[in-house]
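S.K.: Before anything else, here's the structure in question.
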Amino acid sequence: MGKMLAVWDCKSLEKFENVFDCYIAEALIAEGHPIGSEEQTLQKYTVQTVSDLALQQQDKLLENPKLAKLYFEVELPLAKVLFEMEQHGILLDTKKLHAVGEKIDGLLDSLQGKIDKETGGDINLNSPAQLGTFLADKVGVPLSRTKTGKYATNEGELSKFAEQFPIITNLLKYRELKKLRSTYVESLIQKADENSLIHTTYNQVMVNTGRLASLNPNLQNIPVTSLIGQEIKSCFIAKPNHTLVSFDYSQQELRILAHLTGEKALIKAFADDQDVHVLTASKLFTVPYEEVAKDQRTVGKTINFGIIYGMSSYGMSAGLNIPQEHAEQFIKQFYASYPAIRTYYDNYLKNARIHGTVETLLGRRRYVFEDPKRKLIDNSMRRVLMNYPIQGTAADFMKKVMVDVDREILNKYPEVSLLLTIHDDLVFEIPDDKLNSGIIREIQNVMTSVHPLAVPTTVDVKIGKEWGNLNNYFPNN
DNA sequence: TCGCCTTTT
DNA sequence: GAGGGAAAAGGCGAA
Numbered sequence: 007m008g009k010m011l012a013v014w015d016c017k018s019l020e021k022f023e024n025v026f027d028c029y030i031a032e033a034l035i036a037e038g039h040p041i042g043s044e045e046q047t048l049q050k051y052t053v054q055t056v057s058d059l060a061l062q063q064q065d066k067l068l069e070n071p072k073l074a075k076l077y078f079e080v081e082l083p084l085a086k087v088l089f090e091m092e093q094h095g096i097l098l099d100t101k102k103l104h105a106v107g108e109k110i111d112g113l114l115d116s117l118q119g120k121i122d123k124e125t126g127g128d129i130n131l132n133s134p135a136q137l138g139t140f141l142a143d144k145v146g147v148p149l150s151r152t153k154t155g156k157y158a159t160n161e162g163e164l165s166k167f168a169e170q171f172p173i174i175t176n177l178l179k180y181r182e183l184k185k186l187r188s189t190y191v192e193s194l195i196q197k198a199d200e201n202s203l204i205h206t207t208y209n210q211v212m213v214n215t216g217r218l219a220s221l222n223p224n225l226q227n228i229p230v231t232s233l234i235g236q237e238i239k240s241c242f243i244a245k246p247n248h249t250l251v252s253f254d255y256s257q258q259e260l261r262i263l264a265h266l267t268g269e270k271a272l273i274k275a276f277a278d279d280q281d282v283h284v285l286t287a288s289k290l291f292t293v294p295y296e297e298v299a300k301d302q303r304t305v306g307k308t309i310n311f312g313i314i315y316g317m318s319s320y321g322m323s324a325g326l327n328i329p330q331e332h333a334e335q336f337i338k339q340f341y342a343s344y345p346a347i348r349t350y351y352d353n354y355l356k357n358a359r360i361h362g363t364v365e366t367l368l369g370r371r372r373y374v375f376e377d378p379k380r381k382l383i384d385n386s387m388r389r390v391l392m393n394y395p396i397q398g399t400a401a402d403f404m405k406k407v408m409v410d411v412d413r414e415i416l417n418k419y420p421e422v423s424l425l426l427t428i429h430d431d432l433v434f435e436i437p438d439d440k441l442n443s444g445i446i447r448e449i450q451n452v453m454t455s456v457h458p459l460a461v462p463t464t465v466d467v468k469i470g471k472e473w474g475n476l477n478n479y480f481p482n483n
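In this note's numbering, the protein residues as written are 7 to 483.
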């Protein structure tokens with residue numbers, strides 16, 4: 007939650023009435039440039055008091071109606087919603103998490119034993135430097151180098167040699183478990199309060215695209231893929247007589263791409279509830295939609311997301327493990343299949359160069375040129391810019407949804423709580439006896455109607471007592 | 001404090 | 001010719 011820097015005629019801070027938040031305002035006005043401390047900001051505006059600062063910032067916001075709307079109707083009311091989420095917290099089954107920790111200890115001990123037999127036990131497995139030297143110089147693994155000249159020992163690099171050098175499989179397993187234990191088990195237990203509640207902090211001005219950041223602890227990167235990861239996630243539980251309900255936007259960023267670009271083929275696919283990764287694959291491989299193979303779909307999916315991220319043919323060839331010429335061919339074929347996407351990005355980048363700023367659908371802006379004297383967009387900025395309207399618009403929508411949810415749902419059902427937001431996912435805690443009251447449908451409706459789009463939006467609902475063990479929800483009527 | 005690595009969307 | 005997928009948090013070792 008943003009820190010309150012200026013408060014006008016504030017009758018009740020608890021209710022966040024008549025509040026102006028200079029940090030949030032400053033972040034929107036700064037358009038992605040780093041914002042300074044309170045004192046630096048006062049100096050920048052050449053004012054003495056925070057009230058004067060707030061007045062000038064408000065004037066500045068009002069010059070841009072979209073930005074003013076974003077501030078007053080989304081960001082500022084959101085601060086109150088985030089504050090309440092932070093205060094509420096999510097319940098952690100600390101006893102169970104301790105047990106998971108002990109299970110990991112056992113697995114790590116046995117792995118360490120196996121690995122020490124090969125290394126002699128005199129290297130620190132947690133040191134990439136020591137590990138790289140050992141693998142490359144003693145074992146003879148042909149590791150590539152990092153940009154600073156050290157041996158690269160990251161997961162992608164080591165996996166390449168896992169078959170040839172069996173020790174690597176154990177090393178990767180060791181890494182994974184060590185990470186889970188230190189980042190998730192130990193620190194989460196330590197951060198639970200006296201009631202076993204975990205209180206994250208949300209920062210709403212940290213990320214240029216407008217996404218929220220979660221910290222101390224970060225609840226937006228709780229593991230999900232591995233089995234042990236799932237066991238950790240399952241230690242987050244609903245409080246007694248309540249159930250966790252998660253609402254997850256399906257393919258939200260690709261839907262936003264379809265909307266922003268107006269690409270007919272993509273819009274039709276979403277309208278017909280088709281699998282867009284299969285659709286892209288069918289165009290790339292020129293096979294009928296029904297005959298797309300699984301590995302072809304994987305390529306389609308990689309290209310779809312790669313385009314959103316402005317991926318180069320090099321990045322794509324690395325990601326798919328294919329020659330760069332093939333990747334170039336795929337990208338070419340992609341744009342040929344979706345011509346409106348190419349037109350959109352051509353125009354978008356042209357305007358970015360002309361105006362020096364880009365913006366999301368709700369008008370959040372970011373700068374284009376680090377140095378305003380240079381008027382060329384380099385490759386890395388090009389990728390940032392291509393991602394910005396997609397990720398940023400998705401973030402705008404989610405923030406607005408949270409404000410709408412607060413007004414339309416949380417006010418009406420005070421015993422219902424919004425616990426978490428994970429970019430395209432909201433997690434609520436709902437009393438068991440309210441689950442069939444229609445509230446799930448109401449929340450879905452708020453999410454799907456946040457902003458009219460050229461495509462339908464879909465929200466998948468999952469419910470359960472443990473966050474890591476939720477089941478698809480199908481209403482019985 | 002920086003670099004490397006791993007986790008998420 | 002190098003570097004070459006967006007946005008993050010955070011643990012750890014090395015200096």
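Cβ coordinates follow ideal geometry from the N, Cα and C atoms, glycine included.
Check for me: the beta strand (DSSP E) holding residue 469 runs from which residue to which?
M.R.: 465–470
S.K.: Taking the alpha-carbon of residue 397 as reference, which of 420, 279, 372 has the nearest alpha-carbon?
M.R.: Nearest of 420, 279, 372 to residue 397, Cα basis: 372.
S.K.: Considering only the beta carbon of each residue, do residue 35 and residue 249 sit closer than 8 angstroms?
M.R.: no
S.K.: With distances taken from CA atoms, which of 388, 220, 434, 428 is nearest residue 420?
M.R.: 434
S.K.: Check whether the segment 319–339 touches the segment 360–368, counting contact only when three or more Cβ pairs, one atom from each stretch, lie closer than 8 angstroms.
M.R.: No, the segment 319–339 is not in contact with the segment 360–368.
S.K.: List the residues that DSSP assigns as beta-bridge partners of residue 2.
M.R.: Since the displayed the chain opens at 7 and closes at 483, residue 2 lies outside it and no answer follows.
S.K.: Quick one: using the 10 Å Cβ neighbour count with 16 as the cut-off for buried, is residue 261 buried or exposed?
M.R.: buried
S.K.: List the whole-angstrom C-beta distance separating residue 343 from residue 271, where the pair is believed to meet the contact cut-off of C-beta under 8 angstroms.
M.R.: 7 angstroms
S.K.: In angstroms with no decimal places, state the Cα-to-Cα distance between residue 322 and residue 94.
M.R.: 42 angstroms
S.K.: Three-state secondary structure (DSSP) at residue 204?
M.R.: Three-state result, residue 204: strand.
S.K.: Using the DSSP secondary-structure output, state which residues sit across from residue 255 in a beta bridge.
M.R.: 465
S.K.: Return the CA-CA distance between residue 257 and residue 432, expressed in angstroms with no decimal places.
M.R.: 15 angstroms
S.K.: Can you give me the Cβ contacts of residue 120 inside the same chain, cut-off strictly under 6 angstroms, excluding the 5 residues immediately before and after it?
M.R.: 176
S.K.: Let me know the alpha helix (DSSP H) ranges lying completely inside the segment 72–141, each 4 residues or longer, listed in chain order.
M.R.: 82–94, 100–125, 134–139
S.K.: Are the segment 237–255 and the segment 456–473 in contact at 8 angstroms, needing three or more beta carbon pairs?
M.R.: The segment 237–255 vs the segment 456–473: in contact.
S.K.: So which of 415, 478, 37 has the shortest CA-CA distance to residue 216?
M.R.: 37
S.K.: Within 10 angstroms of the Cβ of residue 49, are there 16 or more other Cβ atoms? Answer buried if so, exposed if not.
M.R.: Exposed: under 16 other Cβ atoms inside 10 Å.
S.K.: Mapping DSSP to helix, strand and coil, what is residue 478?
M.R.: strand
S.K.: Any idea which residues DSSP pairs residue 423 with across the strands?
M.R.: 435
S.K.: Taking just the CA atoms, how far does residue 84 sit from residue 193?
M.R.: 28 angstroms
S.K.: If you run the structure through DSSP and keep just helix, strand and coil, what is residue 69?
M.R.: coil
S.K.: Between the segment 88–105 and the segment 232–242, do at least 3 Cβ pairs fall closer than 8 angstroms?
M.R.: yes
S.K.: Could you name the residues that DSSP lists as bridge partners for residue 293?
M.R.: Answer is none; residue 293 lacks a bridge partner.
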